[in-house]
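Each remark here refers to the structure printed beneath this line.
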Amino acid sequence: MKVSRRTLLVGTGAAAGLAVAWSLWPRSEPASLAATDEALALGPGVLIGRDGRLTVAVPQVETGQGIWTGLAQIAADELGAAWETVGVAPARSGSRWDNDLAGEQGWLAGARPWPGAPDPGLLRITAGATSIRALERPMRQAAAAARTLLIAEAASRWGVRAAECDTGGGFVRHEGKSLPFAALVEGAAARSLPGGDIPLRETPGELAGKPLSRLDAQPKAEGRLRFAGDVRLPGLLHASVRGAGRGSVSLDSPPPSGIRFESGTGWVAALADDWWSADRALAAARVRVLGPAGGDDAAVASALDLALAGDDYQQLHVLGDIEEVFAGVRPLAATYTAAAQLHADLEPPGATARLNDGLLELWAATQAPEVARRAGAEAAGVPLAQTLLYPMPVGGQGGAALEAGMVPVAAALARRTGRPVQVTASRTEQVRGGAVRSPLKARLFARPMPDGSIAGWRMRLAGGDGTAHAFARLLRTGSGGPRPSALAPLPYGIPNVALEFAPADLPLRLGYHRGELHPAVTFFTESFLDELARIGGRDPLSQRMTLLAANPRLARCLVRATALGGWDGGGPGSQMGLCAFSGYGSHIAVVGQAQVGTGGEVQVSRLVAAVDCGRVVNPALVKAEVEGGMLAAIAQATAAAPSFRHARVLGPLEPLLPTLAAAPEILVEVLASDAAPGGASGLGSAAAPAAVGNALAAATGRRLRSLPFDPMS
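Count the sequence shown with UniProt numbering and you get residues 1 to 713, in order.
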């Protein structure tokens, strides 16, 4: 791979074009794409070459979720471009694209990560199924600016009013006349945007809602899409690293010939001309990693029990008066647990740094590129203005790339060695030293009524909010307390509800994971609701529908999923189970079919989902998101629980991913909706475990109240 200072380009878009800053961006800020003498750009982040090809600057990071395609499709539809002319490039370092939902989710509250850092609401964050919701309108505004200039140029040539013209298929059109963008772009570049807000399309264009092909599909299939580990630079050194997690790390051995040892706060590294030699040297060295005292399985279980039994808790969601409704009665109760969850990303953490003539260049797979850029600049002792970060595609949606801990290590090593350095963690280090989704334990109480309603519901959850911990480390806020969004409100019409979070003093390094706490918490709530239905002698579907009068979108998903899945009532021996979930502004219902094999293993044969995520940009992307999320969640739910010592993972070291032959049949239907777009990346992972757990209860007559499932326990 030849790496220059040009940003990565995917698709057929031009590598240069015309960029016009306008009121959405401060005029002193750089454009999101760099123009050259050979091309022109229209709008902040929209580049149109002289040949008519379109390049869209995408601020979000591609993790396999298809966001490069989704955001480019939004811009291309607003502009009226032809899809075959569209390409994408990551927005430049320093370009200010907001993820407003980051603030609403409580990720960035009160954070100022570095002195003089910009408002943290301007940080680029790809996480929490927020990308489409946060950036649909800014992407449309950027494309609308370009469309306005193109139409103005065409209208001037024709001598007609601009309001009478429109765009589509890469042309400006007016009453049978048309001009291609390529013929207009130079003239459009010389024009100024009108004052005030740029009008957006009143109705969707030709590309909206179409299952268009992914821009990164062909490069991936042909092996041309480059990831962080593919970067090669002249004079490159390779480094293998060990991290301390929540403890300390030290190295007492002298380096062998041709190897260089380096260390920093919380890490040690070996450097060589090839990564294998560096990793073997580090494996043979006396590396001592010490975690917090008692960082083992017994300590984790004890911490959860103490938190659940104590009085130190926060009420994250309260409705009605739960104390009054429980007064004088003994509510039904159950206890559920979920073990810590490991990241299962295929790509190991890594980053590359080059420091040359005061310019620091960074190549990294990071979901927070602006924060990683600042961390790299600080580690190398370089001004932020002299630091460029090229956000590479991420090889996995598990969430491990949020913190980008390898970036400051690579930057520090590049400064010390005077050579470009690529840092890559081994697979073993990736698993043992990675941040885990918090283990959880919950006590649930409910008062069901004879008519099928539920008068009161209480859940007290003990554990940690890994997302809050990850952002506390990322932004140096020093606080990892639970956020209100850590627990989604119940989607059901229950008049008295208390959802409580009891922070546990866990001796583990907690972090952000796809779906956050929702897969475990939804397993708790949907399994308990299933228990209530069976105790009351009701069909689990009827029980849920009774409670969904105020949530017609989720009810519609349930009706459709059960029709597609051939719901048989979920009676004893049926092997079918249900789950319904509302979150990320979206809704999903899943019918799972599962049983326990003769060897005691869980066998999942079928998953059927109906999804309402509002106005859909690209239904193919939504289906892929939900399918992938369900597969990943089921793999985690049926694998062995991780074990710990000194706050590091002992095993298993390899995630148990299903083979194609063992993967269940999956059917996902995306329902049409006029509601605002919702998120999709966490839906499948949130809903699948509970559907399978309820199916196992129907098939075996035994309720499994722990994740991962262990029918032999």
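For every residue, glycine included, the Cβ atom is placed at its ideal position computed from N, Cα and C.
{"Item": "Any idea what DSSP makes of Lys177, helix, strand or coil?", "Value": "strand"}
{"Item": "Do Leu532 and Met545 count as a contact pair if the criterion is CB distance below 8 angstroms?", "Value": "no"}
{"Item": "At what residue ranges does the segment 207–246 contain a whole run of the beta strand (DSSP E), taking only runs of 3 or more?", "Value": "237–243"}
{"Item": "What three-state label does DSSP hand Gln595 in the structure shown?", "Value": "strand"}
{"Item": "What is the DSSP secondary structure of Val602, reduced to helix, strand or coil?", "Value": "strand"}
{"Item": "With 16 other CB atoms within 10 Å as the buried threshold, where does Asn496 fall?", "Value": "buried"}
{"Item": "What is the DSSP secondary structure of Thr366, counted as helix, strand or coil?", "Value": "coil"}
{"Item": "When DSSP labels each residue in this structure, what does Arg702 get in the three-state scheme?", "Value": "coil"}
{"Item": "Could you pull out every unbroken beta strand (DSSP E) segment of at least 3 residues lying fully inside the segment 45–93, listed in chain order?", "Value": "46–48, 54–58 and 86–90"}
{"Item": "Does DSSP classify Asn694 as helix, strand or coil?", "Value": "helix"}
{"Item": "Considering Ser263, what are the terminal residues of the beta strand (DSSP E) in which it resides?", "Value": "Arg260 to Gly264"}
{"Item": "In whole angstroms, give me the CA-to-CA distance for Leu225 and Pro219.", "Value": "5 angstroms"}
{"Item": "Am I right that Leu47 and Val58 are in contact with their C-beta atoms under 8 angstroms? What's the rounded C-beta distance?", "Value": "Contact flag wrong, Cβ pair sits at about 12 angstroms."}
{"Item": "Quick check: what's the CA-CA separation for Ala520 versus Pro689?", "Value": "8 angstroms"}
{"Item": "If you follow the beta strand (DSSP E) that Trp567 is part of, which residue opens it and which one closes it?", "Value": "It is not in any beta strand (DSSP E) - Trp567 carries neither H nor E in the DSSP assignment."}
{"Item": "Taking 8 angstroms as the threshold (C-beta atoms), are Asp273 and Leu306 in contact?", "Value": "no"}
{"Item": "Within the chosen definition, does the segment 630–641 reach the segment 486–500 through at least 3 CB pairs nearer than 8 angstroms?", "Value": "no"}
{"Item": "At 3 residues or longer, and completely inside the segment 322–393: list those beta strand (DSSP E) runs for me, N to C.", "Value": "332–338, 350–356, 359–364 and 387–391"}
{"Item": "For Ala504, would you say it is in contact with chain B, using Cβ-to-Cβ distances shorter than 8 angstroms as the test?", "Value": "The chain inventory of the structure shown lacks chain B, comprising one protein chain alone."}
{"Item": "With distance defined between alpha-carbon atoms, name the residue in Ala412, Glu601, Thr525 and Asp357 nearest to Leu461.", "Value": "Thr525"}
{"Item": "Which of the three DSSP states, helix, strand or coil, is assigned to Asp166?", "Value": "strand"}
{"Item": "Determine the direct distance from the alpha carbon of Ala580 to that of residue 776, and round the result to whole angstroms.", "Value": "Here the chain covers residues 1 to 713 and nothing more, so residue 776 does not appear."}
{"Item": "Determine, using beta carbons only, whether Ala284 and Ala239 come nearer to each other than 8 angstroms.", "Value": "no"}
{"Item": "Please go through the segment 498–540 and give each complete beta strand (DSSP E) segment of 3 or more residues, from N-terminal end onward.", "Value": "none"}
{"Item": "If the criterion is Cβ atoms closer than 8 angstroms, does the pair Glu627 and Ala680 meet it?", "Value": "no"}
{"Item": "Does the count of Cβ pairs from the segment 609–625 and the segment 202–218 closer than 8 angstroms reach three?", "Value": "yes"}
{"Item": "Based on DSSP bridge pairs, tell me the residues matched to Leu444.", "Value": "Ala334 and Met459"}
{"Item": "With Glu669 as the anchor, note down where its beta strand (DSSP E) starts and where it stops.", "Value": "Glu665 to Val670"}
{"Item": "Tell me whether the beta-carbon of Leu150 lies closer than 8 angstroms to the beta-carbon of Ala188.", "Value": "yes"}
{"Item": "Does DSSP put Leu9 in a helix, in a strand, or in coil?", "Value": "Since pLDDT at Leu9 reaches only 39, below the 50 mark, its modelled position is unreliable, and no value is offered."}
{"Item": "In whole angstroms, give me the CA-to-CA distance for Ala698 and Ser605.", "Value": "14 angstroms"}
{"Item": "Specify the secondary structure class of Arg288 as computed by DSSP and reduced to three states.", "Value": "strand"}
{"Item": "By a C-beta neighbour count over all protein chains shown, 10 Å radius and 16 as the cutoff for buried, is Trp276 buried or exposed?", "Value": "exposed"}
{"Item": "If distances are taken between C-alpha atoms only, which option among Ile259, Tyr584, Val591 and Gly597 comes closest to Pro489?", "Value": "Tyr584"}
{"Item": "Does the distance from the CB of residue 720 to the CB of Leu355 come in under 8 angstroms?", "Value": "No information on residue 720 is available, as it lies outside the stretch 1 to 713 that the chain covers here."}
{"Item": "Excluding the 5 residues flanking Gly569 on each side, which residues of the same chain have their C-beta closer than 6 angstroms to its C-beta?", "Value": "Asp539"}
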